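Let me begin by presenting the structure, written as structure tokens, before commenting on it.
2 protein chains.
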Amino acid sequence: MKELPNLDQLFEQLVNGHIPTLSRAITLAESRKPEHEALTTELLQRCLPFGKESFRLGLTGVPGVGKSTFIDAFGELLIRKGHRVAVLAIDPSSQRTGGSILGDKTRMARLSVNPSAYIRPSASGTTLGGVAARTRQVIRLCETAGYDFILVETVGVGQSETAVHQMTDFFLLLMLAGAGDDLQGIKRGIMEMADAVYINKAEGDNLQASRRAAADYRHALHLFPPSASGWIPEVGLCSGLSEIGLEEIYEMLQRYRRMATLQGWWEENRKRQAIQGFQESWRKMLEQWLHQQPGFEQALTKAEEEIRLGRLSSEQATRNLLEQLRSAFFGK
Amino acid sequence: MKELPNLDQLFEQLVNGHIPTLSRAITLAESRKPEHEALTTELLQRCLPFGKESFRLGLTGVPGVGKSTFIDAFGELLIRKGHRVAVLAIDPSSQRTGGSILGDKTRMARLSVNPSAYIRPSASGTTLGGVAARTRQVIRLCETAGYDFILVETVGVGQSETAVHQMTDFFLLLMLAGAGDDLQGIKRGIMEMADAVYINKAEGDNLQASRRAAADYRHALHLFPPSASGWIPEVGLCSGLSEIGLEEIYEMLQRYRRMATLQGWWEENRKRQAIQGFQESWRKMLEQWLHQQPGFEQALTKAEEEIRLGRLSSEQATRNLLEQLRSAFFGK
């Protein structure tokens, strides 16, 4: 990307659903160059009116649950229903190398060749916060480009579920039968965020076990406080491979949307999430700005030197630094 | 905890290894009350000279890998070797409820009744950053109380591995045979941090599969860049249940320490980690301070209102807020 694209052109072509422009806009949003961030800011301000009609579906499940196969099949169904589907993934797990582990496109053989689908390889970054912020922007860019169904997948089971939960309208948790108690430690935190729990691979020999698992989850979900939307989480069986339960899930999502819209929760939740995104981004920017202030770097370096020498605890150093900030920059 | 304890007393009893004092100091460190934070800061500054001799072992593995059984057995071995063992766990997975899911003490039947072991139930919090910061402090408090072997366990496989990796001397990854490719997505990010990968439950019928798994991991580890310490990650077999490979792991840790100390990496790494902890904590404190500034809350509220009304993107709002900060507080 040598010269900076023209904002008007970029926006117009984005609205027209020009794929290379979308990809370019996403690359700009993922860039850390100041001029790119400035351009992205203006672009996203223009994108504000778009995406009101979109459905943002968060999808998670332990590795091996069959997320890719599910997305490949469910995405096809969405497209048959007339949707344009964008698939994004949050994957902060590979910290040192950055980037995603699996080639997302190869994971979804059918979707990846479907002209009504846009698959973006996982955003990556050194902090989950950075990844999440960029994913929020990518969602809005995809919506502006005319994708009305956004699938945000999380890889692995960890912090990223919370991030995805905070940027989607509905949070679908895929589970496996017979995964057993060894997953309790994970399930609980995630299950409390789930609007629906579906047992995937509920096919053939696995069907009976899946029915039992579904019953277990139905019981378990009763133990949790009702979700903030008032929606009672649903439990069902599905199979991405055998395309079981996909219609049922689609209907559930429509029911949810009707209910949430009627209650005003849908819009309220979107607003809440936008504010969350704001709170995360101003923190990041504030720090970037601080580092540009004269004296700050030096104060930071000095503190770090004292810590290196074992003279200062990080807690004491923190207090000292803030003292310096007050007098030096804030004149107080 | 009605009245604030006396710092000198607290410190003296802590150095004497008085358990109730340690527990109280940890509770203070986990508290968010300003007076408790101030006391903790002073206390931790005094703890600075301690813990230089300690070994901080990070331990992780997917749920069900048998971490608790391993820790119970390995902790016993450490105590037989003359160590005093503290077991901590990072578990940010249960966001809404906070706290750990499993009763840590019941997970480790033998250690929990051993006078030379101290088991602290998982620190919890709304942000991983908060949990990590407190865990760093808890480590130093335990070391000051005379625990020279700190086991920091992570629950589940996600962001917290990175946090634990950044506060320990050695990162041990437990794996299971036949977990298969479905875990690749997770393994890579974690494996790249691992100083050693051990196949747990390598016993009975599982032995052959475990040997094959070990060979696979040895091969896989060759694909990664050498770890920053220059240490070549080792792969082995173990069983917490049958107490297999525990001596071998203990010897490996000693070899690592000799190597890392000789190279100066050991101390260097500790310093680097202390600075990391500092960088995380001053960011948190800066924000707390900002919120106490006149005008800041109002500016924040106004921006959030504009976002609610759909007039402002979070990116634009961020830029505006920083403008206001500059003029209002920094007079620039």
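Those protein sequences? They're chains A and B, same order as listed. Start counting the first sequence at -15; every next residue gets the next number (our numbering). Start counting the second sequence at -15; every next residue gets the next number (our numbering). Idealized CB from N, CA, C, for every residue including glycine. The model shown is predicted, which means the values in this text are computed figures rather than measured ones.
For residue i, three-class secondary structure by DSSP
| i | result |
| --- | --- |
| Arg295(A) | coil |
| Met151(A) | coil |
| Met269(B) | helix |
| Leu135(B) | strand |
| Ser223(A) | strand |
| Phe34(A) | coil |
| Gly42(A) | strand |
| Asn359(B) | Limits of chain B in this structure are -15 at one end and 316 at the other, which puts residue 359(B) out of reach. |
| Val71(B) | strand |
| Asn190(B) | helix |
| Val322(B) | Absent from the structure is residue 322(B), since the part of chain B shown begins at -15 and ends at 316. |
| Leu(-12)(B) | coil |
| Gln308(B) | helix |
| Leu(-6)(A) | helix |
| Met159(A) | strand |
| Gly83(A) | Its pLDDT being 37, under 50, Gly83(A) is placed unreliably in this model, and the coordinates cannot settle the point. |
| Ala101(A) | strand |
| Glu176(B) | coil |
| Ile123(A) | helix |
Spatial distance of residue i from residue j (CA atoms)
| i | j | result |
| --- | --- | --- |
| Met151(B) | Gln277(B) | 33 Å |
| Ser311(A) | Met269(B) | 16 Å |
| Ser211(B) | Pro217(B) | 8 Å |
| Phe(-5)(B) | Arg295(A) | 18 Å |
| Pro18(B) | Thr5(B) | 20 Å |
| Glu231(B) | Arg64(B) | 11 Å |
| Asp153(A) | Leu246(B) | 54 Å |
| Asp179(A) | Met159(A) | 13 Å |
| Tyr102(A) | Asp132(A) | 11 Å |
| Thr319(B) | Thr138(B) | The requested residue 319(B) does not occur in the structure, where chain B is confined to residues -15 to 316. |
| Ala198(A) | Ile74(A) | 27 Å |
| Gly162(A) | Thr11(A) | 41 Å |
| Ala258(A) | Gln121(A) | 11 Å |
| Val136(A) | Leu41(A) | 6 Å |
| Lys255(B) | Ile134(B) | 17 Å |
| Phe262(A) | Ala13(A) | 15 Å |
| Leu339(B) | Leu306(A) | Outside the displayed range of chain B (-15 to 316) lies residue 339(B), so it cannot be described from this structure. |
| Leu157(A) | Pro47(B) | 17 Å |
| Gly248(B) | Glu37(B) | 14 Å |
| Ile55(B) | Met92(B) | 7 Å |
| Val71(A) | Gly214(B) | 39 Å |
Within-9 Å CB hit, residue i to chain A
| i | result |
| --- | --- |
| Ala116(B) | no |
| Gln247(B) | no |
| Ile291(B) | yes |
| Trp266(B) | yes |
| Leu157(B) | no |
| Leu(-12)(B) | no |
| Leu135(B) | no |
| Gly294(B) | yes |
| Arg120(B) | yes |
| Leu274(B) | yes |
Any C-beta of chain B under 9 Å from that of residue i
| i | result |
| --- | --- |
| Gln282(A) | no |
| Leu32(A) | yes |
| Thr302(A) | yes |
| Leu270(A) | yes |
| Ser297(A) | yes |
| Ala244(A) | no |
| Ala287(A) | yes |
| Glu26(A) | yes |
| Trp215(A) | no |
| Arg16(A) | no |
| Arg310(A) | yes |
| Leu306(A) | yes |
| Leu6(A) | no |
| Gln29(A) | yes |
Any chain E beta carbon closer than 9 Å to residue i
| i | result |
| --- | --- |
| Lys185(B) | Annotation note: the requested chain E is absent from the structure, which comprises protein chains A and B. |
Residue i: CB within 8 Å of a non-hydrogen atom of the ligand MG
| i | result |
| --- | --- |
| Leu23(B) | Because no ligand of any kind appears in the structure shown, any question about the ligand MG cannot be addressed here. |
Item to complete: Specify whether the segment 10 to 25 of chain B and the segment -15 to -6 of chain B touch according to this definition: at least 3 beta carbon pairs, one from each stretch, less than 8 Å apart.
Response: yes
Practice prompt. Determine which residues of the segment 249 to 262 of chain B have a Cβ less than 7 Å from any Cβ of chain A, and write them out in chain order.
Written response: Lys255, Ala258, Ile259, Gly261, Phe262
Worksheet item: Counting pairs of beta carbons, one from the segment 259 to 273 of chain B and one from the segment 238 to 254 of chain A, are three or more of them closer than 8 Å?
Response: no
Item to complete: Determine contact between the segment 219 to 226 of chain B and the segment 174 to 194 of chain B, defined as no fewer than three beta-carbon pairs at a distance below 8 Å.
Response: yes
Worksheet entry | Segment contact flag, the segment 32 to 41 of chain B with the segment 128 to 136 of chain B, C-beta cutoff 8 Å, min 3 pairs | yes
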